[in-house]
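Asks:
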Amino acid sequence: MPVPMFPPGFLWGASASAFQTEGAVDTDGKGPSGWDAFAARPGRIKDGADTTRATGFHARYREDVALLAGLGADAFRFSVSWPRVVPGGSGAVNADGLDFYDRLVDELCAHGVTPAPTLYHWDTPLPLEEAGGWLDRDTAYRFAEYAGIVAERLADRVPMWITINEPAEVTLLGYALGEHAPGRTLLFDALPAAHHQLLAHGLAVRALRAAGADNIGVALSHAPVWTAGDSDEDRLGAELYDTLTNWLFADPVLTGRYPDENIAALMPGPVADDLKVISAPLDWYGVNYYNPTLVGAPRPEALETFSGFTMPAGLPFGIREIEGYEKTGFGWPVVPEGLTEILTLLHRRYGDRLPPLHITENGCALDEPLADDRRIAYLEGHLTALRAAMDAGVDVRGYFTWSLTDNVEWTEGASQRFGLVHIDYETLTRTPKASYAWYRDLIHAQKHQREQPQEQPKRNEPAEGAAEGAAKRVSGG
Ligand code: IFM
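Just so you know, we're using my numbering here: the sequence shown kicks off at 384 and counts up by one.
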């Protein structure tokens, strides 16, 4: 199925993050991050991947910029490592660290690729993490200082900014379940980490604007939540999960309110005043989409989820596996229409409050080294679903696939590969996969052959009897 044409000026990009690619964890004055410390604990990274080296992006960024230029990409979403710029989390600035991003931005600009930095993609400076991390209100103020420092240096050349990435995952996986750094298992006592990340976002928007930055957004994960069964317990479980993962962050940012008064009451500090900061107007809003989640009544026993992490028993909801769809290497169901569903939900829920959207992440992990036809089919399906949402009235201005190259998939190490470009982790050699050529041709066709239909491989259809109707949609509030 050929991908439909997108409007002129639609931004085509790729995404990556510092911890997952840079390596060079103590080069040129970089300080340790909470993730550096977490990854160094024995057994934390599944395949023992060397996160201190990652893809070697710090040394090889020019190669990756050349790959972006070869794609014809309009933009590159990378992240700035906070501990590379402010090694102690506050105080002294590491000039060499800032210089690295200065060089990267120059290199991107020289190749006609728009730099779109994310200021926080999970790598909190270790001294701040050890002082409580996002459980401590002070971390939000330190983040805003750092955001201002980066903008002072780069705003003259960076036309697009992202404050924070996926605070829901940081809260859930890092502070509630302990699967990610910092490895805390606080369950619902993790909620202050959500509030402080939101506050950090709002304060950073102010700091960025004060330093002359413009075109500011955020990258939040969104996915439809489907109800697993018909009982009230199933419905309540799914609604709570939907609130925690979809609306706990989006509502404060876009409406200045928490989605639930009981949750708001658990948040620390002067919440009403903070919400005014958190809801500072944005220029655009980023959606990271991978797959819907099927949720129902609590489960009596702990569950190793399809994503490889364990949901403990005793949570007030239970995640179920979605049957009937093709699965990625991670075991995530391939549901392109879930993207149309969540985008139209966002549009309905927020109306005029929703700024123009960018898809800031979308992609799949596959164990197909170079002939990654299933990734092509995945991208084709999701871009078609994205265009359908736009046809239904959702204002989407750009698409960043995750990811340019294979990279360290957090605790999954090198085992889950999301890249358009293969990384040989022994030699750090980059080899474009079939999907790289496909994306390059797509971008070219979109920019230069607007009237010509494209010849592309057929998309894999969902398996027979895909879970239509088996699950009810609850997302949307
Ligand atoms: O690799 C991650 C990324 O860092 C955040 N969003 C999801 C991706 C795939 O798991």
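We treat Cβ as the ideally placed atom computed from N, Cα and C, and that holds for glycine.
Only a predicted model underlies this, so the values are computations on that prediction, with no experimental measurement involved.
My parser needs the alpha helix (DSSP H) runs of 4 or more residues fully inside the segment 582 to 657; what are they?
Replies: Correct list: 615 to 625, 631 to 638 and 644 to 648.
Asks: With 16 as the cutoff for other CB atoms within 10 Å, does Ser398 come out buried or exposed?
Replies: Ser398 comes out buried.
Asks: Does ligand 1 have a heavy atom nearer than 7 Å to the CB of Phe459?
Replies: No; taking the cut-off as 7 Å, the Cβ of Phe459 has no heavy atom of ligand 1 nearer than that.
Asks: Taking its Cβ as the centre, do 16 or more other Cβ atoms sit within 10 Å of Arg424, making it buried, or is it exposed?
Replies: The residue is exposed, with fewer than 16 neighbouring Cβ atoms inside 10 Å.
Asks: Got a sec, what are the start and stop residues for the alpha helix (DSSP H) Leu450 sits in?
Replies: Leu450 -> alpha helix (DSSP H) spans Phe440 to Leu454.
Asks: Considering only the alpha carbon of each residue, which of Gly714, Lys429, Trp505 and Ile725 lies closest to Ala564?
Replies: When only C-alpha atoms are compared, the closest one is Trp505.
Asks: Which of the three DSSP states, helix, strand or coil, is assigned to Ala853?
Replies: Any reading at Ala853 must be qualified, since the residue scores a pLDDT of 33, below 50, and its modelled position is unreliable; the value itself is stated next. Residue state, collapsed to three classes: coil.
Asks: Three Cβ pairs or more, each shorter than 8 Å: is that satisfied between the segment 644 to 652 and the segment 699 to 714?
Replies: As far as the Cβ criterion goes, the segment 644 to 652 does not touch the segment 699 to 714, which means the pair count is below three.
Asks: If you draw a straight line from the alpha carbon of Val588 to that of Trp821, how long is it in whole angstroms?
Replies: When rounded, the distance between both Cα atoms is 36 Å.
Asks: So Ser818 is in the alpha helix (DSSP H); what residue range does that whole segment cover?
Replies: It spans Ala817 to His831 - the alpha helix (DSSP H) in which Ser818 sits, taken as one unbroken run.
Asks: Give me the Cα-Cα distance between Trp395 and Leu491, rounded to the nearest whole angstrom.
Replies: If you take the alpha carbons of Trp395 and Leu491, they lie about 14 Å apart.
Asks: Determine the contact status of Gly697 and Ala602, defining contact as a CB-CB distance below 8 Å.
Replies: No, these two residues do not count as a Cβ contact at 8 Å.
Asks: Using a 10 Å radius around the Cβ and a threshold of 16 neighbouring Cβ atoms, would you call His831 buried or exposed?
Replies: Exposed, by the Cβ-count rule.
Asks: If you reduce the DSSP assignment to three classes, tell me which class Glu684 lands in.
Replies: Coil at Glu684, not helix or strand.
Asks: Less than 8 Å between the C-beta atoms of Pro508 and Trp465, yes or no?
Replies: A contact, by the Cβ cut-off of 8 Å.
Asks: Check whether the Cβ of Asn645 sits closer than 7 Å to any heavy atom of ligand 3, and report yes or no.
Replies: Among the ligands present in this structure, namely ligand 1, ligand 3 is not found.
Asks: Taking only three categories from DSSP, how would you classify Val678?
Replies: Strand, per DSSP.
Asks: Report yes if the C-beta distance between Asn341 and Val468 is below 8 Å; otherwise report no.
Replies: Examination of residue 341 is not possible in this model, given that the chain is present from 384 through 860 alone.
Asks: What residue range is occupied by the uninterrupted alpha helix (DSSP H) comprising Ile705?
Replies: Counting along the chain, Ile705 falls outside any alpha helix (DSSP H), and DSSP gives it neither H nor E.
Asks: Confirm, please, whether the CB-CB distance from Gly412 to Asp479 is below 8 Å.
Replies: Contact: yes.
Asks: Let me check you understand the geometry: is the CB of His741 closer than 7 Å to at least one non-hydrogen atom of ligand 1?
Replies: Outside the cutoff, so no.
Asks: With a threshold of 16 other CB atoms inside 10 Å of the CB of Leu537, please say whether the residue is buried or exposed.
Replies: The residue is buried, with at least 16 neighbouring Cβ atoms inside 10 Å.
Asks: Flag this pair as yes or no: are the beta carbons of Asp750 and Arg800 separated by less than 8 Å?
Replies: Result yes, Cβ atoms of Asp750 and Arg800 sit closer than 8 Å.
Asks: Cβ of Ala405 versus every heavy atom of ligand 1: is any distance shorter than 7 Å?
Replies: Before going further, note that residue 405 is Glu rather than Ala in the sequence given. No, Cβ of Glu405 sits at least 7 Å from all heavy atoms of ligand 1.
Asks: What are the partner residues of Gly325, as DSSP defines its beta bridges?
Replies: The question about residue 325 has no answer, for the chain in this structure spans 384 to 860.
Asks: Which partner residues of His805 appear in the DSSP bridge assignment?
Replies: Paired residues: Thr814.
Asks: Can you look up Gly566 in the DSSP assignment and give me helix, strand or coil?
Replies: Coil at Gly566, not helix or strand.
Asks: What's the call for Met384, buried or exposed, on a 16-neighbour Cβ count within 10 Å?
Replies: Flag for Met384 reads exposed.
Asks: Under 7 Å: does the beta carbon of Phe526 sit that close to some heavy atom of ligand 1?
Replies: Not under cutoff, so the answer is no.
Asks: Smallest Cα separation from Asn790: which of Arg436, Pro695 and Arg427?
Replies: Per the Cα distances, Arg436.
Asks: Relative to the C-alpha of Ala685, which residue among Thr676, Val678 and Pro695 is closest?
Replies: Out of Thr676, Val678 and Pro695, Pro695 has the C-alpha closest to the C-alpha of Ala685.
Asks: Are Ala452 and Met543 close, meaning C-beta to C-beta below 8 Å?
Replies: No, they are not a contact pair.
Asks: What are the partner residues of Arg460, as DSSP defines its beta bridges?
Replies: The partner list for Arg460 (beta bridge, DSSP) reads Ser398 and Ala499.
Asks: Do you know how far the Cα of Arg682 is from the Cα of Val463?
Replies: Roughly 39 Å between the two C-alpha positions.
Asks: Please work out which residues of its chain come closer than 8 Å, Cβ to Cβ, to Arg443, disregarding the five sequence neighbours upstream and downstream, and give them in chain order.
Replies: Only Leu811 and Arg813 meet the Cβ criterion.
Asks: Where do the ends of the alpha helix (DSSP H) carrying Val468 lie?
Replies: Note, Val468: alpha helix (DSSP H), Trp465 to Val468.
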